Amino acid sequence: MKSITRQRFIIAMTALTALSLAAGCTSGDSQSGAKPQKIEKIGLLVQDMSNPFFSAMNKGAKQAAVKIGATENTQDAQLDLANQNNQIDTFIQQGVNLIIISAVDGSGIRPAIDRARQAGIIVIAVDTPAEGADAVIMTDAVQAGEKSCTYLFKEMGGKGNILLVDGTPIQTIRDRITGCRQAMRHFPEIKVVGHQSSKNDRASGLAVTTDMLTATPDVQGIFGMNDPSALGAVLAVTQAHKTGQVKVTGVDGSPEGVAELKRPGSPFIGTSTQNPAEMVRRAVQVAQDILRDKPPKKKTVLIPSELVTRDNVAQYKGW
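Each number in our numbering corresponds to the 1-based position in the sequence shown with 5 added.
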């Protein structure tokens with residue numbers, strides 16, 4: 006009897022082990038649930054609504070939702086990863102079909118994105134990559150940084166000292182700095198004498214540029230990795246009484262950047278464009294293609310950047 010009982014015990018344990026292994030093989034953070042039949046509810050998550058870039062993104066989301074007969078809800082993370090995690094969980098509870106996200110932290114948001122996809126929600130990242138998303142729609146940020154800096158260096162006469170006003174450590178911002186440094190390869194007499202990170206806004210752009218100009222006043226050019234930080238740098242240049250000595254460029258092609266380009270005598274001379282509204286419109290298109298089993302050939306879709314200067318700003322359509 007004991008041998009029979011032992012045999013039954015071994016068989017039972019073997020079966021439990023097999024079930025456990027099978028469960029392990031069929032579960033995982035990256036697994037997607039059943040996709041919706043139609044996109045009826047869209048949730049947009051932006052980093053910081055105080056930045057006009059994300060206001061334009063919100064506008065594009067509402068336009069795209071109206072076009073396909075869907076409702077749209079935009080949430081502002083205020084540059085806080087915890088907020089964005091909670092907002093995704095709320096969208097899951099609300100039963101949205103599509104989440105479009107400009108991630109505060111592309112890797113830190115991964116668990117929340119996995120939860121959304123397990124609930125059958127399509128997740129499209131915009132502006133910057135987010136791990137686990139079905140696709141990414143973003144500006145060719147390397148190209149944007151390279152175009153902006155190439156123009157800056159040419160306007161400086163191909164030589165001189167520059168400051169880099171960096172930003173929060175997300176992929177798209179790192180790519181712009183990479184693009185700027187690629188441009189430097191063609192201008193060996195350009196030297197970086199200061200490099201600090203802002204919080205992507207005008208106030209912190211002013212603060213870090215003021216610090217760098219105080220430490221190293223011999224500067225002829227400044228690259229701001231977005232228009233708000235670049236416009237903060239413009240104010241720092243003005244306050245330091247260096248308006249005629251320092252040239253500034255940025256990235257965005259924002260309404261504020263356009264207005265500054267039109268202001269006579271401004272140190273701001275150029276900006277490489279982004280199209281935030283188009284990113285979101287394209288994200289909705291890609292999501293619909295995914296529902297039709299026609300995902301993009303490449304997971305990352307790059308939108309080209311153009312250079313706007315005082316010479317062509319009148320022809321620029323803007324956001």
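Cβ coordinates follow ideal geometry from the N, Cα and C atoms, glycine included.
Values in this document were obtained by computation on a predicted structure and should not be read as measured data.
Short check: CB of residue i to CB of residue j, under 9 Å?
i	j	result
ASP180	ALA146	yes
ILE49	ASN63	The question names Ile, but residue 49 in the sequence shown is Leu. In contact: LEU49 and ASN63 (Cβ atoms closer than 9 Å).
ALA61	GLY125	no
MET217	VAL224	yes
ASP119	ALA82	no
GLN140	PRO300	Reading off the sequence, residue 140 comes out as Ala, not Gln. Yes. Within cutoff.
GLN42	LEU296	yes
ASN205	ASN88	no
MET284	THR144	yes
GLY226	GLY165	yes
ALA288	GLN68	no
Which whole-angstrom value is the C-beta distance of residue i and residue j, which I expect to be below 8 Å?
i	j	result
GLN148	VAL170	Wrong, their Cβ atoms sit about 19 Å apart, outside the cutoff.
ILE3	ALA75	No answer is possible for residue 3: the residues shown for the chain start at 6 and end at 324.
VAL306	ILE142	5 Å
THR79	ALA70	Not a contact, Cβ separation roughly 10 Å.
ALA108	THR133	6 Å
PHE273	VAL239	5 Å
THR221	GLY199	5 Å
GLY113	GLN176	With a Cβ gap of about 13 Å, GLY113 and GLN176 do not count as contacting.
GLY137	ARG115	5 Å
LEU103	ILE167	Not a contact, Cβ separation roughly 41 Å.
GLY3	PRO260	With the chain represented from 6 up to 324, any question about residue 3 goes unanswered, as that position is not in the structure.
DSSP on residue i, reduced to helix/strand/coil?
i	result
TRP324	coil
LEU84	coil
ASN102	coil
ALA319	helix
THR219	helix
GLY29	Reliability fails at GLY29, whose pLDDT of 36 lies under 50, so the model's placement of it is uncertain and the value that follows must be treated cautiously. The answer is helix: DSSP assigns GLY29 an H, G or I state.
VAL128	strand
MET143	strand
GLU77	strand
VAL150	Reading the sequence as shown, one finds Gly at residue 150 and not Val. In the structure shown, GLY150 sits in a helix (DSSP, three-state: H, G or I).
ASP34	With a pLDDT of 42 at ASP34, under the threshold of 50, the predicted position of this residue should be treated as unreliable, though the coordinate-derived value follows. Correct three-state label for ASP34: coil.
ASP206	coil
VAL239	helix
THR314	strand
VAL51	strand
ILE227	strand
LYS40	coil
LYS46	strand
LYS67	helix
LYS72	helix
**Message:** Between the region 144 to 164 and the region 274 to 281, can you find at least three pairs of beta-carbon atoms closer than 8 Å?
**Reply:** Between the region 274 to 281 and the region 144 to 164, the count of C-beta pairs closer than 8 Å reaches three or more; the two stretches touch.
**Item:** Complete alpha helix (DSSP H) runs within the region 155 to 204 (minimum length 4 residues, chain order)
**Value:** Within the region 155 to 204, complete alpha helix (DSSP H) segments of at least 4 residues are found at 176 to 189, given in chain order.
**Message:** Count Cβ pairs between the region 119 to 139 and the region 287 to 301 that sit closer than 8 Å; are there 3 or more?
**Reply:** With the rule of 3 Cβ pairs closer than 8 Å, the region 119 to 139 counts as touching the region 287 to 301.
**Asked** Touching or not, the region 192 to 201 and the region 154 to 170, by the rule of three or more beta carbon pairs under 8 Å?
**Response** The answer is yes - the region 154 to 170 touches the region 192 to 201, with three or more Cβ pairs under 8 Å.
**Request:** Flag this pair as touching only if the region 201 to 216 and the region 263 to 273 have three or more C-beta atom pairs under 8 Å; answer yes or no.
**Result:** Fewer than three Cβ pairs drawn from the region 201 to 216 and the region 263 to 273 lie within less than 8 Å of each other, which leaves the two stretches out of contact.
**Asked** Is it a yes or a no for the region 249 to 263 touching the region 227 to 241, going by three-plus beta-carbon pairs under 8 Å?
**Response** Two segments are said to touch when three or more pairs of C-beta atoms, one from each, lie closer than 8 Å; by this definition the region 249 to 263 touches the region 227 to 241.
**Message:** To test your reading of the DSSP string, which unbroken beta strand (DSSP E) runs of 3 or more residues are found completely within the region 254 to 307?
**Reply:** Counting only runs of 3 or more residues that sit fully inside the region 254 to 307, the beta strand (DSSP E) segments are 273 to 278, in chain order.
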